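A short write-up of the structure that comes next.
Residue numbers (the numbering used here): 597 to 746.
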């Protein structure tokens, strides 16, 4: 009986350490890659398009990457940029993180979920949870480290 108690205690300590805490996410995160880019760039339509079309699309992709920032705030809030009708819009939401590393973004009546696949303090990989099985693929974020001004 003592062995099972020790095993259970050890397991709960290990699981507790591996649980991602919201405090670890606080700060700004820049989107640097997502699987959708790879799908587009390997599609027959992209590959057979003109150089001008591909250059234009590359500019749009870079613009979206540069302007997609998640800012996890003290407490349980997220400020993030989103695109609505091709315009950048700043949104705010509440955040919950479950024990199985699923982030729930609560914005009014709407909610979105994403599974945390990787996290090391400077890199965050999310995969949106899709109810229809057609996920958008992985989103890769890197922590924005602010340089201190002298």
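The beta carbon of each residue, even a glycine, is placed where N, CA and C say it ideally should be. If you're wondering where the values come from, they're calculated on a predicted model, not measured in any experiment.
- Per the C-alpha coordinates, the member of 695, 662 and 704 positioned closest to residue 674 is 704.
- The region 734 to 741 and the region 623 to 640 touch, with three or more beta-carbon pairs separated by less than 8 Å.
- Residue 649 counts as exposed, since fewer than 16 other beta carbons sit within 10 angstroms of its beta carbon.
- The beta-carbon separation of residue 622 and residue 692, rounded to 15 Å, does not stay under the 8 Å limit for a contact.
- Partner residues in the beta bridge of residue 723, as assigned by DSSP, are 711.
- Of the candidates 642, 641 and 723, 723 places its Cα closest to the Cα of residue 710.
- When only Cα atoms are considered, residue 700 and residue 653 end up about 31 Å apart.
- Between residue 721 and residue 734 a beta carbon distance of about 6 Å is seen, short of the 8 Å cut, so the two are scored as contacting.
- The straight-line gap separating the alpha-carbon atoms of residue 689 and residue 651 is approximately 34 Å.
- Secondary structure remark: continuous beta strand (DSSP E) runs of at least 3 residues inside the region 667 to 694, in chain order: 673 to 680 and 683 to 693.
- Comparing alpha-carbon positions, the option among 638, 677, 647 and 702 lying closest to residue 687 turns out to be 677.
- In this structure, DSSP gives residue 617 a state outside helix and strand, which the three-state scheme calls coil.
- Contact annotation: residue 642 and residue 633 have beta-carbon atoms that are not nearer than 8 Å.
- DSSP places residue 716 outside both helix and strand once states are collapsed to three, so it counts as coil.
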